[in-house]
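For reference, the structure discussed in these notes is given below.
2 protein chains.
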Amino acid sequence: MTITITAFERSPDRGRGLARDMRVRWALEETGQPYDVRLVSFKAIKEPPHLALQPFGQIPTYEEDDLALFESGAIVLHIAERHGGLLPGDANARARAIAWMFAALNTVEPPIFDRSLANILERDEPWYEKRLSALDGTIRKRLADLSRRLGEADWLDGEFSAGDLLMVSVLLRLKASSDILEEYPNLSAYVARGEARPAYKRAFDAQLAVFKAASVG
Amino acid sequence: MTITITAFERSPDRGRGLARDMRVRWALEETGQPYDVRLVSFKAIKEPPHLALQPFGQIPTYEEDDLALFESGAIVLHIAERHGGLLPGDANARARAIAWMFAALNTVEPPIFDRSLANILERDEPWYEKRLSALDGTIRKRLADLSRRLGEADWLDGEFSAGDLLMVSVLLRLKASSDILEEYPNLSAYVARGEARPAYKRAFDAQLAVFKAASVG
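First to last, the protein sequences are chains E and X. If you number the first sequence the way the numbering used here does, the last residue is 217 and the count never jumps. If you number the second sequence the way the numbering used here does, the last residue is 217 and the count never jumps.
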């Protein structure tokens with residue numbers, strides 16, 4: 001079985017590990033699965049061959065034998081279900097870890113993603129400061145809730161899981177462009193624990209190598 | 001096994017089925033699972049007993065014996081995994097149906113949810129028209145992609161699945177406050193097919209009955 005994922009040939013984050021292939025790379029590294037990467041251009045992701053794999057013209061995609069998947073959350077869950085290391089064996093603990101995956105993507109990520117979009121698209125608008133302040137308020141509410149729930153624990157619910165992998169990934173996007181995360185020391189430490197994992201480092205280095213190679217070429 | 005979910009005692013959508021308990025009710029109806037509902041106030045969802053179940057102070061929650069879950073996407077997936085009717089038996093088709101669940105919640109819902117929030121919170125801001133127009137542009141991109149992929153099919157990938165359940169739910173939020181959906185006739189028909197399902201109707205009537213009872217009392 002060969003796993004092939006797609007990633008940007010020149011990531012707009014300049015190799016800072018914020019593109020969504022990073023989450024899939026990290027999951028593959030945590031579960032010890034080798035994988036190939038097919039690099040795609042911004043033009044190619046909007047063309048029919050890629051749209052057949054990813055109807056919304058985004059990365060990453062995941063191909064394995066006759067299965068093709070899209071949506072980084074779904075891909076991480078698929079990897080976690082097939083291989084050990086990202087979901088607990090106990091059925092209830094497994095369901096709770098999956099709940100944290102959805103919480104990362106559907107509750108915590110949207111205002112953080114909006115903030116990074118506003119940062120690019122609305123920076124010169126007269127309302128930018130007010131809009132940013134509204135988004136930061138929403139983000140702080142989410143982080144305060146998350147911080148209270150995490151408390152002094154290392155991970156959100158027992159051992160490191162796919163829920164932590166996605167939550168740390170989402171928080172890293174915030175950390176890259178704001179100091180808000182530092183207002184919550186236990187969340188800063190939580191993200192640092194994620195970044196310190198050997199599998200994270202291997203995944204990060206792999207995506208950075210793509211950017212460096214593209215910059216030289 | 002008794003299943004108990006939480007819902008608003010007075011839903012801000014006035015019984016139009018847009019609150020996220022609707023998705024869980026629908027999944028329980030599709031799979032034929034009886035359930036109890038515990039109604040909660042806006043005050044109660046921010047207090048410790050509810051926060052213990054739902055760290056972000058939202059509804060719905062799901063309790064079943066000694067398992068407590070939050071996040072409507074995770075709850076729908078849990079129900080779909082335990083009971084027949086919402087996920088295909090074939091492993092690859094099952095993974096693709098789950099990918100559509102994540103696409104509904106992480107790719108299609110965010111701009112639609114932002115639009116309904118902006119509608120409430122930013123209506124009187126000087127930038128409202130421009131912001132709405134930007135959000136509508138993003139929504140149209142997503143819907144154009146979705147429409148092209150759906151084509152003439154009844155459902156997104158084979159039989160009706162939990163992916164369709166969430167996608168229809170997300171599109172219903174848009175339909176409630178905008179005419180954009182009607183620009184895509186195959187998506188309008190897709191949503192109508194969802195609404196016509198007997199399980200959807202039972203779930204809709206159940207949440208509407210809560211709102212009506214609260215309005216009388």
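Note that beta-carbon positions come from the ideal geometry of N, C-alpha and C, so glycine has one too.
Which residues DSSP lists as bridging residue i, in chain order
{"i": "Val216 of chain X", "result": "Partner(s): none; Val216 of chain X has no beta bridge."}
{"i": "Glu64 of chain E", "result": "E:Ile3 and E:Leu67"}
{"i": "Asp36 of chain X", "result": "X:Thr4"}
Residues that residue i contacts on chain X, provided the C-beta gap is smaller than 7 angstroms
{"i": "His78 of chain E", "result": "Ala95"}
{"i": "Asn106 of chain E", "result": "Glu71, Gly73, Leu105 and Asn106"}
For residue i, three-class secondary structure by DSSP
{"i": "Asp179 of chain X", "result": "coil"}
{"i": "Phe128 of chain E", "result": "In the sequence under discussion, the amino acid at residue 128 of chain E is Tyr, which differs from the Phe named in the question. Tyr128 of chain E: helix per DSSP, three-state reduction."}
{"i": "Lys43 of chain E", "result": "coil"}
{"i": "Ile59 of chain X", "result": "coil"}
{"i": "Ala196 of chain E", "result": "coil"}
{"i": "His83 of chain X", "result": "coil"}
{"i": "Gln54 of chain X", "result": "coil"}
{"i": "Gly17 of chain E", "result": "coil"}
{"i": "Asp90 of chain X", "result": "coil"}
{"i": "Pro48 of chain X", "result": "helix"}
{"i": "Gly9 of chain X", "result": "In the sequence on display, residue 9 of chain X carries Glu and not Gly. Correct three-state label for Glu9 of chain X: coil."}
{"i": "Thr138 of chain E", "result": "helix"}
{"i": "Asp164 of chain X", "result": "helix"}
{"i": "Leu117 of chain X", "result": "helix"}
{"i": "Trp155 of chain X", "result": "coil"}
{"i": "Tyr190 of chain X", "result": "helix"}
{"i": "Glu30 of chain X", "result": "helix"}
{"i": "Arg123 of chain X", "result": "coil"}
Chain-ordered neighbours of residue i on chain E, where CB pairs are closer than 7 angstroms
{"i": "Pro98 of chain X", "result": "Before going further, note that residue 98 of chain X is Ile rather than Pro in the sequence given. Simply Ala74 and Leu77."}
{"i": "Arg218 of chain X", "result": "Only positions 1 to 217 of chain X appear in the structure, and residue 218 of chain X is not among them; the question remains open."}
Integer-rounded CB distance, given that residue j should sit under 8 angstroms from residue i
{"i": "Ser161 of chain X", "j": "Trp155 of chain X", "result": "7 angstroms"}
{"i": "Phe204 of chain E", "j": "Gly84 of chain E", "result": "Actually they are not in contact, since the Cβ atoms of Phe204 of chain E and Gly84 of chain E sit about 22 angstroms apart, beyond 8 angstroms."}
{"i": "Val40 of chain E", "j": "Ile5 of chain E", "result": "No, Val40 of chain E and Ile5 of chain E are not in contact; Cβ-Cβ is about 10 angstroms, not under 8 angstroms."}
{"i": "Val210 of chain X", "j": "Ala7 of chain X", "result": "6 angstroms"}
{"i": "Val191 of chain X", "j": "Leu172 of chain X", "result": "6 angstroms"}
{"i": "Phe113 of chain E", "j": "Glu71 of chain X", "result": "Between Glu71 of chain X and Phe113 of chain E the Cβ distance is about 17 angstroms, and since that is not below 8 angstroms, they are no contact."}
{"i": "Val76 of chain E", "j": "Leu187 of chain E", "result": "The Cβ separation is near 20 angstroms, so there is no contact."}
{"i": "Asn92 of chain E", "j": "Leu67 of chain X", "result": "4 angstroms"}
{"i": "Ile180 of chain X", "j": "Leu143 of chain X", "result": "7 angstroms"}
{"i": "Pro111 of chain X", "j": "Ile139 of chain X", "result": "5 angstroms"}
Contact set between residue i and chain X, taken where Cβ atoms lie within less than 8 angstroms
{"i": "Ala110 of chain E", "result": "Looking at the sequence itself, residue 110 of chain E is Pro, so the reference to Ala does not match. Correct list: Pro110, Phe113 and Asp114."}
Neighbour list for residue i in chain E, Cβ cutoff strictly below 8 angstroms
{"i": "Phe160 of chain X", "result": "Under the 8 angstroms cutoff, chain E gives no residues; its nearest Cβ is about 18 angstroms from Phe160 of chain X."}
{"i": "Phe8 of chain X", "result": "The premise fails here: Phe8 of chain X is roughly 17 angstroms from chain E at the closest Cβ pair, so nothing lies under 8 angstroms."}
Near-chain X residues of the stretch 177-210 of chain E - C-beta to any C-beta below 8 angstroms
none
Between the stretch 54-79 of chain E and chain X, which residues of the former have a C-beta closer than 7 angstroms to a C-beta of the latter?
Pro55, Phe56, Gly57, Asp66, Leu67, Leu69, Phe70, Glu71, Gly73, Ala74, Leu77 and His78
Any C-beta of chain E within less than 8 angstroms: which residues of the stretch 15-49 of chain X qualify?
none
Between the stretch 144-157 of chain X and chain E, which residues of the former have a C-beta closer than 8 angstroms to a C-beta of the latter?
Asp145, Leu146, Arg148 and Arg149
Closer than 8 angstroms, Cβ to Cβ, to anything on chain X: give me those residues from the stretch 115-135 of chain E, in chain order.
Leu121, Glu125, Pro126, Trp127, Lys130, Arg131 and Ala134
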